[in-house]
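A.B. asks: Below are the structure tokens for one structure; questions will follow.
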Amino acid sequence: MKSRNLFAAAGFAAVALLLSSVSLAATKAEIDERTHHTMQQFYQLNPMHRDLVARAKGVLVFPRITKGGVGVGGEFGEGALRIDGKNVSYYSVSGASVGVTLGLAHHKEIILFMTQEVLDKFMNSHGWKIGADTGVAVLEKGAGGEYDTQTLQRPILAFVFGEKGLIGDVSLEGTKVTKLDK
Numbered sequence: 411m412k413s414r415n416l417f418a419a420a421g422f423a424a425v426a427l428l429l430s431s432v433s434l435a436a437t438k439a440e441i442d443e444r445t446h447h448t449m450q451q452f453y454q455l456n457p458m459h460r461d462l463v464a465r466a467k468g469v470l471v472f473p474r475i476t477k478g479g480v481g482v483g484g485e486f487g488e489g490a491l492r493i494d495g496k497n498v499s500y501y502s503v504s505g506a507s508v509g510v511t512l513g514l515a516h517h518k519e520i521i522l523f524m525t526q527e528v529l530d531k532f533m534n535s536h537g538w539k540i541g542a543d544t545g546v547a548v549l550e551k552g553a554g555g556e557y558d559t560q561t562l563q564r565p566i567l568a569f570v571f572g573e574k575g576l577i578g579d580v581s582l583e584g585t586k587v588t589k590l591d592k
């Protein structure tokens, strides 16, 4: 009984710490700077990324997503949608889980919308969910890895990189992306 209470308290404490980052929302200028820096890191990881980004109709960049918890978990981050190399709108990413998260970590995500159709669907949605709205090819071995031509034919490509910390959950499934008023 004591360990169950300790487990629950630790889980709630981790979620509270994570969600406290929501109140420390970044300014538009901070997101712009972080997004630019993240794109530069992405290009350095693999020379093929420049070509992929050039072919993408839109690029959603989350420079820092914090994910953590013990049993009960959550995640939060802020970023920007880039079209033709410019930030055009701002978004938050959030999610919650029960029973699958253990630890605390940060990572970066870049989501490439390869067709105008999927970009339009994303931009017109109210609370787009990764994995629920359309098939997303998630390249989990770091953005520096190789990818095959079949993967590159998917309409949405997601790259996760820059992982720091220790966490027992790397899924993007069910993550909700919401437009911010910035």
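Our numbering puts the first residue of the sequence shown at 411, with every later residue one more than the last.
Virtual Cβ for every residue (Gly too), placed ideally from N, Cα, C.
All of these numbers come straight from a predicted model, not from anything done at the bench.
Within the same chain, show all residues whose beta-carbon is closer than 6 Å to that of residue 472, passing over the 5 residues directly before and after it, in chain order.
C.D. replies: Counting from one through the sequence shown, the residue named residue 472 turns up at place 62. Cβ neighbours of residue 472 beyond the five flanking positions: 487, 489, 503 and 519.
A.B. asks: Taking the C-alpha atoms as reference points, what is the distance between residue 484 and residue 514?
C.D. replies: Locating residue 484 in the sequence shown gives position 74, counting from the first residue. Locating residue 514 in the sequence shown gives position 104, counting from the first residue. Distance between the alpha carbons of residue 484 and residue 514 is about 10 Å.
A.B. asks: Which runs of the beta strand (DSSP E) spanning at least 3 residues fall entirely within the stretch 444 to 530, listed in chain order?
C.D. replies: 468 to 493 and 496 to 523
A.B. asks: Could you tell me the distance, in whole angstroms, from the CA atom of residue 433 to the CA atom of residue 589?
C.D. replies: Locating residue 433 in the sequence shown gives position 23, counting from the first residue. Locating residue 589 in the sequence shown gives position 179, counting from the first residue. With a pLDDT of only 43 at residue 433, under 50, the local geometry of the prediction cannot be trusted, and the value read off the model is given with reservation. Looking at the two C-alpha atoms, the distance is approximately 16 Å.
A.B. asks: Determine, for residue 447, whether the minimum Cβ-Cβ distance to residues of chain C falls below 7 Å.
C.D. replies: The question asks about chain C, but that chain is absent: this structure has only one protein chain.
A.B. asks: When you compare the stretch 459 to 466 with the stretch 440 to 447, are there three or more beta-carbon pairs, one atom per stretch, that lie closer than 8 Å?
C.D. replies: no
A.B. asks: Taking the Cβ atom as the reference point for each residue, do residue 548 and residue 568 lie within a distance shorter than 7 Å?
C.D. replies: Walking along the sequence shown from the start, residue 548 turns up at place 138. Walking along the sequence shown from the start, residue 568 turns up at place 158. Against a cut-off of 7 Å, the Cβ pair of residue 568 and residue 548 comes out as a contact.
A.B. asks: Of all the options 506, 571 and 474, which has the alpha carbon lying nearest to the alpha carbon of residue 440?
C.D. replies: Looking up residue 440 in the sequence shown gives position 30. Looking at the Cα atoms, 474 is the closest of the given residues.
A.B. asks: Return the bridge partner residues of residue 566 from the DSSP annotation.
C.D. replies: As a first step, residue 566 must be located in the sequence shown, where it is residue number 156. 523, per the DSSP bridge assignment.
A.B. asks: Pick helix, strand or coil for residue 547, following the three-state DSSP scheme.
C.D. replies: Within the sequence shown, the letter at position 137 stands for residue 547. Of the three classes helix, strand and coil, the one that applies to residue 547 here is strand, per DSSP.
A.B. asks: Tell me the DSSP secondary structure of residue 437 in three-state form.
C.D. replies: Position 27 of the sequence shown, counted from the start, is the residue given in the question as residue 437. Of the three classes helix, strand and coil, the one that applies to residue 437 here is coil, per DSSP.
A.B. asks: In terms of residue numbering, what span does the beta strand (DSSP E) encompassing residue 585 cover?
C.D. replies: Translated into the one-based positions of the sequence shown, residue 585 becomes position 175. Careful: residue 585 lies outside any beta strand (DSSP E) and carries neither H nor E.
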